[in-house]
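Notes follow the structure.
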RNA sequence: GGCCUGUUGGUCAAGCGGCUAAGACGUCGCCCUCUCACGGCGAAAACAUGGGUUCGAUUCCCGUACGGGUCACCA
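Numbering (the numbering used here), first residue to last: 1 to 555.
Shown next, in the form of structure tokens:
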């Protein structure tokens, strides 16, 4: 068999030699230890939570080492491609502030190792495929799936669909092996008849033999050799994942391949490919999948699952920082300790360690995410929270966006209550929490929701509100203000100190805290609110008096 | 089913042959406190299982059980 002739027959249009292609992709000039990583998603669906894992690990490892992080779109399957998925991918990654040094950008490429969309690299793959055919390491296959299945008397598609796997029969194996025996004459006939063909690798492995392999996360593994003549080039001339991975990551100079552990079983194929092609293998890290609870068992978090779509987090109003922060806690077990020590540093200052990565899949935990988010938002400036909230509300609550965004200084002042310092308030988990929290500051939303406690005489409530109205001086400080409340309390037969009341409750009608509750209901509309003094300072004297009067009139 | 891989409290997770087996979230209790939100203290709660190896196993080895992944002209 003249394999060189065969390769010319199959790829007459490929004139370049592999060496010439190599010349177009020179080795990267990077300092010692710099890692080159990539995110290589396929545009077959919308970004989901799990995608953030490899994205962040790739990004951290590259940038932490002074290396390069690039985006490659693996659009090799036209059938499964989802319209808009690529845009969603690029937009979402930008929304989460995941920055690429090079790669696919909206409408084109940025970088010297492109094209970064695999659909645009057909000739590159074909150059290497041609070489493999010429070297007798790969061969054309004109047999269709249907013919193959008929030959082996199995319906592989049904098996896949029903998850009903059977060991390959000897008939199947023999049928597969026979495909290798195609002759030049047969190829010429097929080509003359215009038949489509695909390229298969001629596997020389023995699955009984194991190759030791070290994964940077999983540690030492045993990989059985590959004996499957898997497809390199599909009949449309576009490669499968395996072949594209080997060619691209070689040419693009990827030093570390970081991907989900679902790729582990394909490792044998990749080892074989790098060997056949004479490429040096990159280092591999297979990271565990994110799981969710389904009934009593863990399941892979898939695209359709509730909470899986990254866009959901945006809609619900989680800050991108919160989501990233949560992912970091899942990725590196010592991240939370570091965060406690460094509450204000950006997450990118964290010394990310491969060693601290979990080998098994974590279960998504909303409670934990919410807690992380609360802390993340609490550490933001009032201005940042304001900007995020208005921006979010514009899409999901336009009326509130208008009201809250009307006076930035005013709204920011509200958000400043209890912000900063050692023990900041943590009222906001998602942007949707802002509205109920701040509504009392806006006349369009203000309403007296809670009733006055029933164990008090309405007359006392009215007297307290009246006394406060008549003495309220917004110019005094918080302490003086509260002293004023105590005076009112005593004048109405309430204890000025809670302790005094508790010591002898029968001696008083109530205590100063009760007086403040009356006020709180009248001015804030409910029994729970941030610091009342601050509220009054912000809403202003006139509004305080108006609200008091409205209550005094109805009591 | 074959192959690969994993198993520490409800969840995440330290641990790397000798510990009263960290910590975080959640739950519960107490304290602080003019409400709320913080904050502080405390409680309940775990090494899947059976064999080895060893003076000694959560840690090393083998089996079992139970998870997970994968087995396409999908990635």
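Idealized CB from N, CA, C, for every residue including glycine.
Keep in mind the model is a prediction, meaning the values are calculated, not measured.
Counterpart residues of residue i in DSSP-defined beta bridges
i, result
"residue 285", "258"
"residue 70", "38 and 102"
"residue 214", "220"
"residue 525", "In the DSSP output, where bridge partners are listed per residue, residue 525 has none listed."
"residue 200", "139 and 231"
"residue 495", "511"
"residue 110", "103"
"residue 48", "309"
"residue 117", "73"
"residue 239", "233"
Whole-angstrom distance between residue j and residue i, CA atom to CA atom
i, j, result
"residue 3", "residue 66", "44 Å"
"residue 405", "residue 429", "20 Å"
"residue 264", "residue 106", "31 Å"
"residue 505", "residue 413", "39 Å"
"residue 212", "residue 224", "9 Å"
"residue 512", "residue 456", "13 Å"
"residue 438", "residue 246", "55 Å"
"residue 254", "residue 282", "7 Å"
"residue 391", "residue 220", "48 Å"
"residue 378", "residue 431", "12 Å"
"residue 349", "residue 502", "51 Å"
"residue 424", "residue 384", "15 Å"
"residue 623", "residue 252", "For the chain, the structure presents residues 1 to 555; residue 623 sits outside this window and is missing."
"residue 136", "residue 202", "8 Å"
"residue 228", "residue 319", "46 Å"
"residue 401", "residue 380", "19 Å"
"residue 530", "residue 543", "17 Å"
"residue 582", "residue 321", "The chain is shown from 1 up to 555; residue 582 falls before or after that span and cannot be answered."
"residue 444", "residue 426", "25 Å"
"residue 351", "residue 343", "15 Å"
"residue 460", "residue 291", "58 Å"
"residue 442", "residue 403", "8 Å"
"residue 230", "residue 15", "25 Å"
"residue 5", "residue 134", "7 Å"
"residue 433", "residue 144", "57 Å"
"residue 88", "residue 458", "59 Å"
"residue 483", "residue 62", "59 Å"
"residue 179", "residue 147", "11 Å"
Status (buried if at least 16 other CB within 10 Å, exposed otherwise) for residue i
i, result
"residue 166", "exposed"
"residue 487", "exposed"
"residue 541", "exposed"
"residue 449", "exposed"
"residue 184", "exposed"
"residue 420", "exposed"
"residue 475", "exposed"
"residue 395", "exposed"
"residue 21", "buried"
"residue 248", "buried"
"residue 557", "Outside the shown range of the chain, which is 1 to 555, sits residue 557, and nothing can be said about it."
"residue 164", "exposed"
"residue 33", "exposed"
"residue 514", "buried"
"residue 177", "exposed"
"residue 325", "buried"
"residue 479", "exposed"
"residue 358", "exposed"
"residue 366", "exposed"
"residue 170", "exposed"
"residue 92", "buried"
"residue 465", "buried"
Whole-Å CB distance - residue i paired with residue j, under 8 Å assumed
i, j, result
"residue 363", "residue 52", "16 Å between Cβ atoms; not a contact."
"residue 128", "residue 18", "6 Å"
"residue 25", "residue 113", "6 Å"
"residue 491", "residue 507", "Incorrect: roughly 15 Å between the Cβ atoms, too far for contact."
"residue 244", "residue 199", "About 13 Å separates the two Cβ atoms, so there is no contact after all."
"residue 354", "residue 216", "5 Å"
Open item on the list: Would you call the segment 110-125 in contact with the segment 182-189, where contact means no fewer than 3 C-beta pairs closer than 8 Å?
Closed with: no
Task: the segment 28-42 in contact with the segment 50-62 per 3-pair CB rule at 8 Å - done: yes
Open item on the list: So, does the segment 224-239 touch the segment 94-104, judging by three or more C-beta pairs under 8 Å?
Closed with: no
Open item on the list: With three or more C-beta pairs closer than 8 Å as the rule, is the segment 333-340 touching the segment 272-282?
Closed with: no
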